[in-house]
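S.K.: One structure coming up, written as structure tokens, with questions to follow.
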Amino acid sequence: MAKLQRDPIRLERIHNEVVVDAYGPEEQSMGWYYLSGEKNPIPIPVKVYRCQVGFAQAVSEQ
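If you're matching positions, the sequence shown starts at 1 in the numbering used here and goes up one per residue.
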């Protein structure tokens with residue numbers, strides 16, 4: 001399987017979709033949790049760790 005390239009525009013779009021109505025870090029974490037459930041219909045274990053910080057670091061590394 002080919003490895004996908006990072007796309008900062010796509011990552012920003014996903015981030016905005018997740019946190020658009022979130023009023024704090026807890027709601028942002030829940031947004032990431034629900035997104036993972038919508039995009040991955042197969043039951044897989046998912047752990048959410050302060051996604052906003054991790055996402056911001058991933059984008060700034062580019």
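Note that the Cβ used here is the ideal one computed from N, Cα and C, for glycine as well.
Bear in mind that the values here come from a model prediction, so they are computed numbers and not experimental data.
Looking at the secondary structure, which residues open and close the alpha helix (DSSP H) in which residue 11 lies?
M.R.: 8-19
S.K.: So which of 7, 2 and 28 has the shortest CA-CA distance to residue 18?
M.R.: 28
S.K.: Report all residues from its chain with a CB closer than 7 Å to the CB of residue 31; omit the five preceding and five following residues, and keep chain order.
M.R.: 18, 19 and 22
S.K.: With DSSP collapsed to three states, give me the class of residue 28.
M.R.: Reduced to three states, the DSSP call for residue 28 is helix.
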